[in-house]
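Residue numbers (the working numbering), protein chains in the order written: chain L, 1 to 301; chain P, 302 to 602. Every residue, glycine too, gets a C-beta built ideally from N, C-alpha and C. All values reported here derive from a predicted model rather than from experimental measurement. Data block below; observations after.
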């Protein structure tokens, strides 16, 4: 029986998603010490059907680097908590005012705005509780500190929060391609880059491999965002779990709206090619990273 | 010339406030990599005239423990960034909806709600950037990780965010004394306790001293909150920089409203006495901690 690369990747992603979700459930604060509303709000958003692409990329980078996956799991999960907090805050009425996310009502629609803000704050903070937990993370304290620094920088002003700020400010003035690139580099690219770099740091590989994974991560991150923009125009509403064409209706500047659909697709292909090329110094253990790059280009939702 | 304890403490607090503020300015993200609106919003709130009580307590705990103050400065400042983020988010229209803080318009009144939410998110994240920075912190990686864990737990669901959630939920049902205690233990006590415990951890003292400082910190934190409640009734509007009697007008449950003013003052005295008693195992280097305890009871703003 021949197993195609597609079905290998499908099985791989499904398996990884499952172990990440089991770990997330274990690592989230225990019910008995958590006010019930915040417990519900956190679980609602963390288990709302995310693709878990950041933790999966982190673990795949560990695998490609010949590292040990189990002790990297808290770091992988912390990335997902930070990603989830950013979605909750981005969706708030005073931010993007989104009612639906992944086909489900957003946190503030279900729990109210106060609890949604607090659930976001809690997830961001608990990510650092998890990253600094002594048990289970068997890496040296120095490497664990380097990972915290990597992730905090990517989530902060130099990364995600800075990107979201640029995005908010760009509503007033139509951004050009340079600004749009900077928004996505910070908002999406930085944390995905941190995910793969963290995997490499934990696996104690040489600096050239960490650098190669940084190039991979940034290109994958940009590609992910461009693919999102393209799907928003061409995607299937059913598969996406949200309305297609919404960016256009909101007058939002996207890659297709700025450079045309053909150029946006070409830009996507270039980022994927650069990501795959950066993996040349890795052996076959980087197969999942290579397949994930292709998957990002070809995904339908 | 005899220098009274009051004027010694005044000079001490003034000196510490100055070095903390200079350090805060140095540690905040550089202007060139920060979107201008978020740069302004962060500086506006961080330099809005806070008492810097958390960093000062952290440094005083280092001093009492015979540790080195300079390398503890990033940790002291990170505590102030976390405190400032919590004030910005607490003041939001969808939270407490406060227009003034320390006599100045709140962040969202000046910069709008989007930037205020993002400035809070940024400050919380940058606190962990600072805590995990390799340079300047000359403590062992293990102790630095222990400090990050201490502070993250105090800021998270077990501490500050959990306390704010209980506070928000208590608006619907008038809390009893047990719930009010739990709100303040988490919302105010936890981070102040973490401030002094972090100072002790960095100074590498024995566990009994860390424990003693935990008792000191929790009692100081509770006392601080009760004193706030009392000042809200009896304080001088000019000195406070906000309206007195506002808790009462909002029907907010406070220590004086729940147990009467006399009992609230007695409770305050008990916490201060317990805080000072916990310092018995420390020598004269704990004088600032002792005087700060008294200051919290007697402060007018």
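Pull up the DSSP beta-bridge partners for residue i, would you.
i: residue 406 (chain P); result: P:401
Residue i touches chain P at which residues, Cβ-Cβ below 7 Å?
i: residue 114 (chain L); result: 395, 396, 469
i: residue 142 (chain L); result: 442
i: residue 132 (chain L); result: 446, 449, 450, 453
So that I know if they touch, is there some Cβ in chain P lying closer than 8 Å to that of residue i?
i: residue 207 (chain L); result: no
i: residue 162 (chain L); result: yes
i: residue 87 (chain L); result: no
i: residue 298 (chain L); result: no
i: residue 118 (chain L); result: yes
i: residue 1 (chain L); result: Caution applies to residue 1 (chain L), whose pLDDT of 49 falls short of 50 and renders its modelled position unreliable; the value that the coordinates give is listed next. Judged by the 8 Å Cβ criterion, residue 1 (chain L) is not in contact with chain P.
i: residue 38 (chain L); result: yes
i: residue 29 (chain L); result: yes
i: residue 294 (chain L); result: no
i: residue 281 (chain L); result: no
In its own chain, which residues sit with a C-beta less than 7 Å from the C-beta of residue i, not counting the 5 before and 5 after it?
i: residue 29 (chain L); result: 126
i: residue 13 (chain L); result: 56
i: residue 1 (chain L); result: Since pLDDT at residue 1 (chain L) reaches only 49, below the 50 mark, its modelled position is unreliable, and the value read off the structure follows with that caveat. Excluding sequence neighbours, residue 1 (chain L) sits near nothing in its chain.
i: residue 276 (chain L); result: 290, 293
i: residue 118 (chain L); result: 38
Which residues mark the beginning and the end of the alpha helix (DSSP H) in which residue i is found?
i: residue 82 (chain L); result: 73 to 91
i: residue 190 (chain L); result: 190 to 202
i: residue 205 (chain L); result: No alpha helix (DSSP H) contains residue 205 (chain L), which DSSP labels as neither H nor E.
i: residue 326 (chain P); result: 306 to 328
i: residue 599 (chain P); result: 588 to 599
i: residue 251 (chain L); result: Here residue 251 (chain L) belongs to no alpha helix (DSSP H), and DSSP marks it neither H nor E.
i: residue 569 (chain P); result: 562 to 579
i: residue 171 (chain L); result: Counting along the chain, residue 171 (chain L) falls outside any alpha helix (DSSP H), and DSSP gives it neither H nor E.
i: residue 48 (chain L); result: Where residue 48 (chain L) is concerned, there is no enclosing alpha helix (DSSP H), given that its DSSP letter is neither H nor E.
i: residue 115 (chain L); result: 113 to 131
i: residue 484 (chain P); result: 478 to 485
i: residue 138 (chain L); result: Unbroken run through residue 138 (chain L): none, as it is neither H nor E.
i: residue 355 (chain P); result: 354 to 365
Going along chain P in order, which residues have a C-beta closer than 8 Å to the C-beta of residue i?
i: residue 129 (chain L); result: 450, 453, 454, 457
Any beta carbon from chain L within less than 8 Å of residue i's own beta carbon?
i: residue 603 (chain P); result: This structure does not reach residue 603 (chain P), given that chain P is present from 302 up to 602, and the question cannot be answered.
i: residue 305 (chain P); result: no
i: residue 407 (chain P); result: no
i: residue 315 (chain P); result: no
i: residue 484 (chain P); result: no
i: residue 426 (chain P); result: yes
Can you pull the chain L neighbours of residue i, defined as C-beta to C-beta under 8 Å?
i: residue 334 (chain P); result: 157, 158, 162
Residue i versus chain P: which residues are under 9 Å apart at the beta carbon?
i: residue 122 (chain L); result: 457, 458, 462, 463, 466
i: residue 81 (chain L); result: Chain P residues near residue 81 (chain L): none, gap ~11 Å exceeds 9 Å.
Please list, in chain order, all residues of the same chain as residue i whose beta carbon is under 8 Å from its beta carbon, the five residues on each side excluded.
i: residue 493 (chain P); result: 354, 355, 358, 518, 519, 521, 522, 525
i: residue 40 (chain L); result: 111
i: residue 158 (chain L); result: 186, 190
i: residue 311 (chain P); result: none
i: residue 17 (chain L); result: 51, 52, 56
i: residue 69 (chain L); result: 59, 62, 63
i: residue 297 (chain L); result: 223, 227, 268, 269, 272
i: residue 380 (chain P); result: 355, 356, 359, 428, 452, 492, 495, 496, 499
i: residue 596 (chain P); result: 310, 314
Using a Cβ cut-off of 9 Å, pull out every chain L residue sitting near residue i, in sequence order please.
i: residue 492 (chain P); result: Going along chain L, no residue has its Cβ under 9 Å from residue 492 (chain P), so there is no contact; the nearest lies around 11 Å.
In its own chain, which residues sit with a C-beta less than 6 Å from the C-beta of residue i, not counting the 5 before and 5 after it?
i: residue 285 (chain L); result: 63, 64
i: residue 233 (chain L); result: 256
i: residue 60 (chain L); result: 288, 289
i: residue 451 (chain P); result: 495, 498, 499
i: residue 168 (chain L); result: none
i: residue 476 (chain P); result: 554
Using a C-beta cutoff of 8 Å, does residue i count as contacting chain B?
i: residue 322 (chain P); result: Looking at the structure shown, chain B is missing, and the protein chains on hand are L and P.
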